[in-house]
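For the sequence shown, counting from 1, position 127 maps to 126 in numbering that gives the first Met the number 0; every step adds exactly one. We put the beta carbon where it would ideally sit given N, CA and C, even for glycine.
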Amino acid sequence: MKFKKTINAPQQYIFDKVIESVLFDIERSINRKLNAKVLQGFEYQKVISGRDASTIKIDEVTIPSVYAFSTETPTGYYTTRWEFKNVSEAQTEIFINESMKAKSLMQVTNNFIMRAFMQQAKKRSMQAMLDKMVESYKKGGA
Numbered sequence: 000m001k002f003k004k005t006i007n008a009p010q011q012y013i014f015d016k017v018i019e020s021v022l023f024d025i026e027r028s029i030n031r032k033l034n035a036k037v038l039q040g041f042e043y044q045k046v047i048s049g050r051d052a053s054t055i056k057i058d059e060v061t062i063p064s065v066y067a068f069s070t071e072t073p074t075g076y077y078t079t080r081w082e083f084k085n086v087s088e089a090q091t092e093i094f095i096n097e098s099m100k101a102k103s104l105m106q107v108t109n110n111f112i113m114r115a116f117m118q119q120a121k122k123r124s125m126q127a128m129l130d131k132m133v134e135s136y137k138k139g140g141a
């Protein structure tokens, strides 16, 4: 899935908000605080929706332009890459690319069907998340 959006907030601000969210997620998963400087290459376990544990690895952190991670679940491998492009002092173009590779033929079929039904919902969710970041910026960068 590919997603592209230009938003009215500075590149560094949006990048920082994404990394802040990542750090919060890691802290909840491992009960330990980290900082952005040690993220690249960091790997941790996370239980998603009360099911099996997934392994998440931070593949790339290039401040303030790239955040990429991969996730291995019992059923497949997923990669997500966020790119932040400075359009102007107050605008950022965001590219999000997600891909998946199933571990079994049955899962390939399941992923195809789920993608058909869930892709629009996933894009709406990403849009809502970005809208909240922009709103936060407009309210003074809280």
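{"Check": "C-beta atoms of N109 and A101 nearer than 9 Å", "Outcome": "yes"}
{"Check": "Nearest candidate by alpha-carbon position, reference E42, set P63, T61, I62, S69", "Outcome": "S69"}
{"Check": "Residue range of the beta strand (DSSP E) that includes N85", "Outcome": "75 to 87"}
{"Check": "Where the beta strand (DSSP E) containing Q39 begins and where it ends", "Outcome": "Taken as a continuous stretch (DSSP letters only), Q39 belongs to no beta strand (DSSP E), as it is neither H nor E."}
{"Check": "Residue interval of the beta strand (DSSP E) (run including D58)", "Outcome": "52 to 61"}
{"Check": "Buried or exposed (CB count within 10 angstroms, at least 16 for buried), V21", "Outcome": "buried"}
{"Check": "Residue nearest to M131 in terms of C-alpha spacing, selected from F2, K3, A8", "Outcome": "The sequence given here places Lys at residue 131; Met does not occur at that position. Nearest option by C-alpha distance: A8."}
{"Check": "N107 versus K137 - alpha carbon distance", "Outcome": "First, the amino acid is wrong: residue 107 is Val here, not Asn. Near 42 Å, if we compare the C-alpha coordinates of K137 and V107."}
{"Check": "Residues that Y66 bridges to, as DSSP identifies them", "Outcome": "V60, W81"}
{"Check": "Residue range of the beta strand (DSSP E) that includes F95", "Outcome": "This sequence places Ile at residue 95; Phe is not what is there. Run containing I95: 90 to 101, per the beta strand (DSSP E) assignment."}
{"Check": "E71 - partner residues in DSSP beta bridges", "Outcome": "T54, Y76"}
{"Check": "Span separating the alpha-carbon of I18 from that of Y76", "Outcome": "22 Å"}
{"Check": "CB of I95 within 9 Å of CB of R80, strictly", "Outcome": "yes"}
{"Check": "Span separating the alpha-carbon of L104 from that of T74", "Outcome": "10 Å"}
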